[in-house]
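Residue numbers (the working numbering): 6 to 192.
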């Protein structure tokens, strides 16, 4: 629904109510696909979910792909063992995923089976060039401590919409007090 109302009105800001063709509609994120189809409201994540759902209903293997800190989602499906990457929100096929990843400065990309939320695969190497990041804490090394990496890309690009950095990935320190990450080099 963001495309319908570029300006955040009171109803959008506080209630997620969008006026579309004279009718108010409630936009809710992370809802069942049946609600997206009923309400006819969705952004990239919801459109990717519907696309993946419909492809799988036609016995075509499809997965949702997203960048946790990049605020975008799309889909990939297979025809005769050939992967096809599509962006249902923008109605396009992504022929050069690395070019798209670099343009958006993505740092970490996952593929998810929408029917099994624990089936998540790191597909970053297909979309971005990565390098290693090691974070070592000067602390008592017998404890495994959490380390979280944040991205400021969206905050810099859309300061009115994003007030704080977004979480990219978390990991725990090892016995040497270090946590290891493999992230996009465009940040």
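Even glycine gets a Cβ: it sits at the ideal position worked out from N, Cα and C.
{"query": "Contacts around residue 177, its chain only, beta-carbon distance under 8 Å, and the 5 residues preceding and following it disregarded", "result": "149, 150, 151, 152, 184"}
{"query": "Top-ranked residue by Cα proximity to residue 85, from 74, 65, 91, 103", "result": "65"}
{"query": "Buried or exposed by the 16-neighbour rule on C-beta atoms within 10 Å, applied to residue 69", "result": "buried"}
{"query": "Buried or exposed (CB count within 10 angstroms, at least 16 for buried), residue 63", "result": "exposed"}
{"query": "Continuous alpha helix (DSSP H) stretch holding residue 162: start and end", "result": "158-162"}
{"query": "Any C-beta of chain C under 8 Å from that of residue 57", "result": "Of the protein chains in the structure, only one exists, and it is not chain C."}
{"query": "For residue 45 and residue 93, believed in contact at Cβ under 8 Å, the rounded distance", "result": "Rounded, the Cβ-Cβ distance is 14 Å, inconsistent with contact."}
{"query": "Span separating the alpha-carbon of residue 179 from that of residue 43", "result": "47 Å"}
{"query": "DSSP three-state assignment for residue 59, whether helix, strand or coil", "result": "helix"}
{"query": "Three-state secondary structure (DSSP) of residue 102", "result": "helix"}
{"query": "Closest residue to residue 109 among 60, 21, 163 (Cα-Cα distance)", "result": "163"}
{"query": "Short Cβ contact (8 Å threshold) for residue 171 with residue 159", "result": "yes"}
{"query": "Residue 41 - DSSP class collapsed to helix/strand/coil", "result": "helix"}
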